[in-house]
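Counting along the sequence shown from 1, when you hit position 143 you're at 143 in the working numbering, and nothing is skipped either side.
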Amino acid sequence: MLEKFQTTYATQIWVKYTTCLGVFLAGILLFWISSGFPPHAWRFLLQTLPLIPRLWMLKGPSILLPLAALIMLSFTLLFFWMVLATVIIWIVKEQRNYLLERQRFEASLQKAESLAANDLVYQQSWQQPIVAAPRVAGQSQHQERLSSASPVATLEPLPPKWHEEPTMVLPLNRQTTTETIKPLAEKQYTLSIGTGLDAGIKRKDKPNEDRLLAIQGTLANDTCPQPFGLFVIADGIGGHANGQEASRLAIQHIRDVVIPALLSDVKINEEQSAELLLDAIQEANNSLCQYNQMYKSDIGTTVTAALVVGKTISIANVGDSRTYSYTSVGGLKKLTRDHSLVARLVENGTISADDVYTHPRRNEIYRSLGHKTSQYQRYRCKCFIDPPAP
Numbered sequence: 001m002l003e004k005f006q007t008t009y010a011t012q013i014w015v016k017y018t019t020c021l022g023v024f025l026a027g028i029l030l031f032w033i034s035s036g037f038p039p040h041a042w043r044f045l046l047q048t049l050p051l052i053p054r055l056w057m058l059k060g061p062s063i064l065l066p067l068a069a070l071i072m073l074s075f076t077l078l079f080f081w082m083v084l085a086t087v088i089i090w091i092v093k094e095q096r097n098y099l100l101e102r103q104r105f106e107a108s109l110q111k112a113e114s115l116a117a118n119d120l121v122y123q124q125s126w127q128q129p130i131v132a133a134p135r136v137a138g139q140s141q142h143q144e145r146l147s148s149a150s151p152v153a154t155l156e157p158l159p160p161k162w163h164e165e166p167t168m169v170l171p172l173n174r175q176t177t178t179e180t181i182k183p184l185a186e187k188q189y190t191l192s193i194g195t196g197l198d199a200g201i202k203r204k205d206k207p208n209e210d211r212l213l214a215i216q217g218t219l220a221n222d223t224c225p226q227p228f229g230l231f232v233i234a235d236g237i238g239g240h241a242n243g244q245e246a247s248r249l250a251i252q253h254i255r256d257v258v259i260p261a262l263l264s265d266v267k268i269n270e271e272q273s274a275e276l277l278l279d280a281i282q283e284a285n286n287s288l289c290q291y292n293q294m295y296k297s298d299i300g301t302t303v304t305a306a307l308v309v310g311k312t313i314s315i316a317n318v319g320d321s322r323t324y325s326y327t328s329v330g331g332l333k334k335l336t337r338d339h340s341l342v343a344r345l346v347e348n349g350t351i352s353a354d355d356v357y358t359h360p361r362r363n364e365i366y367r368s369l370g371h372k373t374s375q376y377q378r379y380r381c382k383c384f385i386d387p388p389a390p
């Protein structure tokens, strides 16, 4: 119940105002009942304690009941004052955390906008209209003068019957000319992309929490252009709306890290592409963790991503989202490892591979984006220098 109130307090502004107003009125009421601070009962108890031996000699056991009532009243007021102080400290702490997380979120948002702006500038530089070169003018009645400081050499006009004069045929030169012929560039391959999303039979009437990203292009370098591609699948968890938001944020941050890096002036070789993909996955995890801390939510997503740069394919996954390879000879082959309970049971030999799809705990995973901070979360990445033949 307390966690539910904390979530409501963090997301509903009217709950914050109502709580602060209630604490303020409770403080005024407690101050009035206590006759100021420190309470009058505390001051009276401190004055009475040194006089207890003398009062005992004068009144005897009859002073025990009033003394017990005074002590109980003092401790009751102490309890309420401690509760009030605890609530005030909690409110101040929550407000401080909210401001800090908002600053971090705005900084992350500015970083993402900056990356997107750089990407937009790069795209606009390639989309500038091409100005056609002026056509060469033909013969004109007036001779144009060239604005040049150097003298202009002119050719003498041809004789009237120049075409009737015999043409001298030059002998052919049999000498072989040696030239350095550059080898043909290595044959480049293209990427054929097909996409599709299916919510499944049981969830066909519910919102789809999956997100898909497929981007391909060509990188130009000093030697020869090489194709690149970024392919990501994210399956959100944490409820319909929360799952959709988690998968959307993961896709967005992975894209904002990888694409600007590939299109920048810094050349990324095939070996560095794996580190780039891991950095993108890590950035997506950090962003989801910040989102959960800011809004007191518990959203997350699984993800599997493949980054193709030249002949290198880098693959990373978190959760039970999978990446397969297909060849005409071997068929489908799973390249990733599921971070799920049933996958561990299969590895330990407790259940068979066929029992994965019917096991009662088949939906439980132990790793996802957004549920652990970067210093505790570990990711794996596989690299293939030569992609499998189709």
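Just so you know, even glycine gets a beta-carbon here, dropped at the ideal spot from N, CA and C.
Which of the three DSSP states, helix, strand or coil, is assigned to Thr76? Helix.
Determine the closest residue to Glu101 out of Phe37, Leu55, Cys20 and Cys289, with distance taken between C-alpha atoms. Of Phe37, Leu55, Cys20 and Cys289, the smallest CA-CA separation from Glu101 is found for Cys289.
Roughly how many angstroms lie between the CA atoms of Trp391 and Ser35, to the nearest whole one? As displayed, the chain neither begins before 1 nor continues past 390, which places residue 391 out of reach and without an answer.
Length of the line joining the Cα atoms of Lys182 and Cys224: Residue confidence for Lys182 is low, a pLDDT of 45 falling below 50, so the modelled location carries little weight; the figure read from the coordinates is stated next. In a straight line, the C-alpha of Lys182 is about 13 Å away from that of Cys224.
Give me, in chain order, the residues of the same chain whose beta-carbon lies closer than 8 Å to that of Asn242; leave out the 5 immediate sequence neighbours on both sides. Hits under 8 Å: Gly236, Ser297, Asp298 and Ile299.
With DSSP as the reference, label Ile193 as helix, strand or coil. Three-state DSSP puts Ile193 in coil, outside helix and strand.
Starting from the C-beta of Gln375, find all residues in its chain whose C-beta is less than 8 Å away, skip the five residues before and the five after it, and write them out in chain order. Model confidence at Gln375 stands at a pLDDT of 41, short of 50, so the residue's coordinates are unreliable and nothing is read from them.
Sub-8 Å separation of Leu213 and Leu230 beta-carbons: Result yes, Cβ atoms of Leu213 and Leu230 sit closer than 8 Å.
Own chain, CB closer than 7 Å to Asp320, minus 5 neighbours either side, in chain order: Cβ neighbours of Asp320 within its own chain (closer than 7 Å, five residues either side excluded): Thr302, Asp338, His339, Ser340 and Ile365.
Is the beta carbon of Ala316 less than 8 Å from the beta carbon of Leu278? Note that the C-beta distance between Ala316 and Leu278 is below 8 Å.
Terminal residues of the continuous beta strand (DSSP E) containing Ile215? Where Ile215 is concerned, the enclosing beta strand (DSSP E) stretches over Asp210 to Leu219.
Are the CB atoms of Val23 and Val87 nearer to each other than 8 Å? Between Val23 and Val87, the CB-CB gap stays under 8 Å.
Which ranges does the alpha helix (DSSP H) cover as unbroken runs of at least 4 residues, wholly within the stretch 13 to 54, from first to last along the chain? Taking only runs of at least 4 residues, the alpha helix (DSSP H) segments lying wholly in the stretch 13 to 54 are 13 to 33 and 40 to 48.
Ends of the beta strand (DSSP E) at Val266? Neither: Val266 is in no beta strand (DSSP E) and is coded neither H nor E.
Let me confirm a value: Pro39 is counted as buried when at least 16 other C-beta atoms fall within 10 Å, else exposed. Which label applies? Residue burial annotation: Pro39 is buried, with at least 16 other C-beta atoms found within 10 angstroms of its C-beta.
Judging by CA-CA distance, which residue of Ala246, Ile91, Gly349 and Thr358 is the nearest neighbour of Thr18? For the options Ala246, Ile91, Gly349 and Thr358, the alpha carbon positioned closest to that of Thr18 is the one of Ile91.
So, with DSSP's three-state summary, where would you put Gly60? The answer is helix: DSSP assigns Gly60 an H, G or I state.
Could you round the C-beta distance between Ile259 and Ile313 to whole angstroms and report it? I think they count as a contact, below 8 Å. Distance from Ile259 to Ile313 at the Cβ level is roughly 17 Å; contact not present, criterion being Cβ atoms closer than 8 Å.
Delimiting residues of the alpha helix (DSSP H) encompassing Ile233: From DSSP, Ile233 is part of no alpha helix (DSSP H) but of the beta strand (DSSP E) over Gln226 to Ile237.
Status (buried if at least 16 other CB within 10 Å, exposed otherwise) for Thr167: Since pLDDT at Thr167 reaches only 48, below the 50 mark, its modelled position is unreliable, and the value read off the structure follows with that caveat. Around the beta-carbon of Thr167, fewer than 16 other beta-carbon atoms lie within 10 Å, marking it exposed.
Determine the contact status of Asp210 and Ile233, defining contact as a CB-CB distance below 8 Å. Yes, the Cβ-Cβ distance between Asp210 and Ile233 is below 8 Å.
Three-state secondary structure (DSSP) of Thr312: For Thr312, the secondary structure class from DSSP, reduced to helix, strand or coil, is strand.
Within its chain, find whatever has a CB closer than 6 Å to the CB of Glu347; leave out the 5 residues flanking it on each side and keep chain order. Within the same chain, and ignoring the five residues on either side of Glu347 in sequence, no residue has its Cβ closer than 6 Å to its Cβ.
On the DSSP letters alone, give me the boundaries of the alpha helix (DSSP H) that Ser273 sits inside. Per DSSP, Ser273 belongs to the alpha helix (DSSP H) from Gln272 to Tyr295.
For Val83, is the classification buried or exposed, using 16 other Cβ atoms within 10 angstroms of its Cβ as the cut-off for buried? Note on Val83: under 16 other CB atoms within 10 angstroms of its CB, so exposed under the neighbour-count rule.
Note down, in chain order, each residue of its chain lying with its Cβ closer than 8 Å to the Cβ of Ala343, except the 5 sequence neighbours on either side. Excluding its 5 nearest sequence neighbours in each direction, Ala343 has C-beta neighbours in its own chain below 8 Å: Asp320, Arg337 and Val356, listed in chain order.
Rounded to the nearest angstrom, how far is the Cβ of Leu369 from that of Ala250, given a contact under 8 Å? Contact flag correct, Cβ pair sits at about 6 Å.
Between Arg54, Glu106, Leu49 and His371, which has its C-alpha nearest Gln282's C-alpha? Answer by Cα proximity: His371.
Expressed to the nearest angstrom, what Euclidean distance is found between the alpha-carbon atoms of Gly60 and Arg54? Rounded to whole angstroms, Gly60 to Arg54 spans 9 Å at the Cα level.
Span separating the alpha-carbon of Ala261 from that of Thr8: Going by the C-alpha atoms only, they are around 39 Å apart.
Looking at the unbroken alpha helix (DSSP H) that takes in Leu345, where does it start and where does it end? Residue range Leu341 to Asn348 is occupied by the alpha helix (DSSP H) that includes Leu345.
Just reading off the beta strand (DSSP E) that Tyr324 is part of, what are its end residues? DSSP places Tyr324 inside the beta strand (DSSP E), whose first and last residues are Tyr324 to Thr327.
Please name the residue, chosen from Thr327, Arg248, Leu70 and Tyr295, that lies closest to Lys4 on a Cα-to-Cα basis. Per the Cα distances, Tyr295.
Which residue or residues does DSSP assign as beta-bridge partners of Asn242? Bridge partners of Asn242: none, in fact.
Measure how close the beta-carbons of Phe80 and Leu30 come, nearest whole angstrom, since I'm counting them as under 8 Å. Phe80 to Leu30, Cβ: 6 Å. Contact.
Roughly how many whole angstroms lie between the Cα atoms of Cys20 and Trp32? Taking the straight line joining both Cα atoms gives about 19 Å.
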